[in-house]
Amino acid sequence: MNKLVIKTICFVILQVLMTSAPAVVNGTEEVTDKTDLHYSGKYCSECHEKIPKEGGDKFLKFGGDYTQLCKCHGYTPGTYIHPVDIVPSQEKKGKIPGDFPLIDGKVTCATCHDMYLQCQKSPRYKAINQRFLRGAPYVSRTTLCFRCHDEKKYTMLDPHNQITEAGAIIIDKCLYCHVEKPDEKHATFKEVKLIGNLEVLCFRCHYKQSQFHPINANHLVTPNPTIVENIRETEKKFGIILPLNYEGKITCPTCHNPHERGVIPRDRPSSKGASEKYRLRLSGVNLQICVACHKDKF
181 MNKLVIKTIC
191 FVILQVLMTS
201 APAVVNGTEE
211 VTDKTDLHYS
221 GKYCSECHEK
231 IPKEGGDKFL
241 KFGGDYTQLC
251 KCHGYTPGTY
261 IHPVDIVPSQ
271 EKKGKIPGDF
281 PLIDGKVTCA
291 TCHDMYLQCQ
301 KSPRYKAINQ
311 RFLRGAPYVS
321 RTTLCFRCHD
331 EKKYTMLDPH
341 NQITEAGAII
351 IDKCLYCHVE
361 KPDEKHATFK
371 EVKLIGNLEV
381 LCFRCHYKQS
391 QFHPINANHL
401 VTPNPTIVEN
411 IRETEKKFGI
421 ILPLNYEGKI
431 TCPTCHNPHE
441 RGVIPRDRPS
451 SKGASEKYRL
461 RLSGVNLQIC
471 VACHKDKF
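Heads up: the sequence shown is residues 181 to 478, going by the numbering used here.
Next up, the structure:
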């Protein structure tokens with residue numbers, strides 16, 4: 181390796197170090213709201229007046245006010261993932277675990293975050309518990325929430341469960357997507373009134389699935405004449421409906437029936453696929469729904 185190449189490599193490395201390193205003022209790193217104070221062991225004086233000792237005085241600045249101590253996270257009332265400086269109700273207090281401390285009877289940042297964990301010398305904590313959550317690691321972040329909150333009260337509404345045990349339609353579920361309850365016996369796809377864009381209505385719950393579904397291709401497009409012809413042939417062959425939206429585009433309900441079995445009378449083509457696996461309008465082998473449009477690919 182010649183000298184010119186070596187000099188070039190060294191220059192690049194130096195530039196990276198200079199641009200990535202914190203600014204230095206009088207030999208001390210300048211701390212900004214972008215500085216990550218945690219787990220480094222270099223910024224104790226940002227929160228402590230003196231180096232604290234385990235089990236002793238913490239020597240916290242700002243009188244121990246965590247909204248000030250945690251100011252880098254931009255605390256503004258109503259913007260945190262959880263409100264702080266609040267007194268929980270007696271009912272809630274009874275559910276808060278004993279190792280989730282209240283400060284002066286109030287929920288603070290330290291109620292859920294054990295700041296002392298970042299002072300431990302074990303690299304394990306930083307690897308599995310970067311936010312030093314009490315009781316971590318958790319399978320999901322909501323597992324932490326349900327240490328204090330009743331999980332049953334936060335179950336998601338399933339708008340696809342639309343029939344009561346007595347067989348009546350739950351109108352409130354209809355209004356999750358429709359402006360008004362459609363005439364399930366006579367209304368056509370074009371006659372129903374929706375509260376918004378069909379794709380957005382589905383993405384409210386299924387956004388994650390929408391990113392790579394199906395087969396990493398964007399299907400929410402206007403089909404070409406050949407695809408439209410294939411759709412019409414499939415509808416006629418199987419007695420189903422694969423509806424396009426008002427603009428002639430494919431949408432989620434083109435392939436999936438969002439209704440529960442029993443909402444739409446069984447003799448109507450639009451009832452097919454209700455409550456089937458994946459709610460596919462053409463059920464059976466999964467690829468069958470693909471062949472409905474892409475006959476040339478199978």
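Here a beta-carbon is modelled for each residue, glycine too, at the ideal position from N, C-alpha and C.
8 Å contact criterion, which residue i and residue j should meet: CB distance rounded
| i | j | result |
| --- | --- | --- |
| Ala272 | Cys328 | The question names Ala, yet the displayed sequence has Lys at residue 272. Lys272 to Cys328, Cβ: 7 Å. Contact. |
| Lys452 | Asn437 | 7 Å |
| Pro232 | Lys238 | 5 Å |
| Lys365 | Pro423 | Not quite, the Cβ-Cβ distance comes to about 17 Å (not below 8 Å), so this is no contact. |
| Leu378 | Pro433 | 6 Å |
| Leu462 | Ile420 | 6 Å |
| Val264 | Cys227 | Wrong, their Cβ atoms sit about 16 Å apart, outside the cutoff. |
| Phe312 | Leu297 | 4 Å |
| Val372 | His393 | Not quite, the Cβ-Cβ distance comes to about 24 Å (not below 8 Å), so this is no contact. |
| Cys435 | Ile469 | 5 Å |
| Lys361 | Tyr426 | The pair is not a contact, with the Cβ atoms about 20 Å apart (cut-off 8 Å). |
| Ala472 | Asn410 | 7 Å |
| Val211 | Tyr223 | 7 Å |
Beta-bridge pairing of residue i - partner residues as DSSP gives them
| i | result |
| --- | --- |
| Ile283 | Lys286 |
| Leu460 | His436 |
| Leu240 | His228 |
| His293 | Leu313 |
| Ile266 | Val287 |
Rounded separation between residue i and residue j - CA only
| i | j | result |
| --- | --- | --- |
| Ser225 | Leu249 | 11 Å |
| Arg166 | Asn404 | Only positions 181 to 478 of the chain appear in the structure, and residue 166 is not among them; the question remains open. |
| Leu229 | Cys252 | Position check: residue 229 holds Glu in this sequence, whereas Leu was assumed. Those two C-alpha atoms are separated by around 18 Å. |
| Glu234 | Gln300 | 11 Å |
| Pro277 | Arg448 | 54 Å |
| Val401 | Val380 | 14 Å |
| Gly347 | Ile266 | 45 Å |
| Asp476 | Ile349 | 41 Å |
| Leu293 | Tyr387 | Checking the displayed sequence, the identity of residue 293 turns out to be His instead of Leu. Near 30 Å, if we compare the C-alpha coordinates of Tyr387 and His293. |
| Glu141 | Ala454 | Residue 141 lies beyond the stretch modelled for the chain, which goes from 181 to 478, so this question has no answer here. |
| Ile283 | Lys429 | 56 Å |
| Asp363 | Gly376 | 19 Å |
| Arg412 | Leu324 | 50 Å |
| Gln389 | Thr322 | 20 Å |
| His474 | Tyr334 | 41 Å |
| Lys306 | Tyr246 | 21 Å |
| Val205 | Thr291 | Here the model assigns Val205 a pLDDT of 38, short of 50, so the residue's position is not dependable, and the following value carries that caveat. Distance between the alpha carbons of Val205 and Thr291 is about 35 Å. |
| Thr431 | His399 | 8 Å |
| Met295 | Cys385 | 35 Å |
| Glu138 | Gln391 | Shown here, the chain extends from 181 to 478; a query on residue 138 therefore has no answer. |
heavy atom of the ligand SAH below 7 Å from residue i C-beta
| i | result |
| --- | --- |
| Val359 | The ligand SAH is not part of this structure, which contains no ligands at all. |
task: Quick one: which unbroken beta strand (DSSP E) runs of 3-plus residues sit fully inside the stretch 301-377? Chain order, please.
output: none
- request: May I ask you to verify whether the stretch 341-357 touches the stretch 429-443, counting CB pairs closer than 8 Å and requiring at least 3?
  value: yes
- request: Pick out the complete alpha helix (DSSP H) segments inside the stretch 400-439, 4 residues or longer, and give them in chain order.
  value: As far as the stretch 400-439 is concerned, its whole alpha helix (DSSP H) runs of at least 4 residues are 405-418 and 432-435.
task: Answer yes if the stretch 338-346 comes into contact with the stretch 307-321, meaning at least three C-beta pairs across the two stretches below 8 Å, and no otherwise.
output: No: the two stretches stay apart, fewer than three of their Cβ pairs being nearer than 8 Å.
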